[in-house]
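Under our numbering, residue 298 is the last one in the sequence shown; the count climbs by one each step, no gaps.
What follows is a short report on a single structure.
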Amino acid sequence: MPESEENPYAAPSVGLHPLSPAEEKQWSVLTHVLAIFFGLVASAVFFFIYKDRGPFVRAHTATEWNFQLTITIVQTLGFVFCFGSVFGSFASASNGTPPSIGLFFLGYFLLIAIRLVGAIWGIYAAVVANRGKYYKYPLAIPFVKA
């Protein structure tokens, strides 16, 4: 068989094809919606799977990934305030001083507020993506470029 002929029995190539505009929009919306429920895990999975499949879906998955990383940092700070103050209260109680509960409530309300704000902005981002427009979350730290 000459070298110039293609093998008719060869396996098809497995490369990823670019998404159509409708598919890009669909996956962008799904990225934002699932990140509301599954957070950092969903945004990471969608970013690493779809980042090279089209510019629109890359922009939305990168934006969601950045926002979820920012939320994770803020939630970690809230957790530290919340439970750090509890353990600090135990330490100060041994000295006879009253426990400091203010940081506990600050951290607790920070944890609740960031989840509510994240859900509201996530729904809005999904609506914007469904309209075929680009969106960037306010206050999100840009860890990954879109």
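All C-beta atoms in this analysis are idealised placements derived from N, C-alpha and C, irrespective of residue type, glycine included.
Just so we're clear, the structure is a prediction, and the values are computed from it rather than from any experiment.
In its own chain, which residues sit with a C-beta less than 6 Å from the C-beta of residue i, not counting the 5 before and 5 after it?
i: G230; result: G259, L262 and L263
i: V185; result: A278
i: A292; result: N218, F219 and T222
Measuring alpha carbon to alpha carbon, tell me which residue in the options is nearest residue i.
i: I188; options: F233, E175 and F219; result: F219
i: T228; options: E175, I266 and K285; result: I266
i: E176; options: P290, G284, T215 and L268; result: G284
i: Y286; options: S237, T215, E158 and A271; result: T215
i: I225; options: L255, G191 and T213; result: G191
i: G270; options: S195, Y161 and P173; result: S195
i: K288; options: V238, I272, H212 and L268; result: H212
Buried or exposed for residue i, please, with buried defined as at least 16 other CB atoms from any protein chain shown within 10 angstroms of its CB.
i: F257; result: exposed
i: F295; result: exposed
i: M153; result: Note that M153 scores a pLDDT of 49, beneath 50, so its modelled location is shaky and nothing firm can be said.
i: Y202; result: buried
i: F233; result: buried
i: Y276; result: exposed
i: S180; result: buried
i: A281; result: buried
Is there at least one non-hydrogen atom of the ligand ADP closer than 6 Å to the beta-carbon of residue i?
i: L262; result: The ligand ADP is not part of this structure, which contains no ligands at all.
Under 7 Å between C-beta atoms, does residue i make it to chain B?
i: A196; result: Chain labels in this structure do not include chain B; a single protein chain is all it has.
Terminal residues of the continuous alpha helix (DSSP H) containing residue i?
i: F190; result: P173 to Y202
i: Y276; result: G254 to N282
Cutting at 8 Å between CB atoms, please list the residues of its own chain near residue i, excluding the five before and the five after it.
i: K297; result: A214
i: V193; result: none
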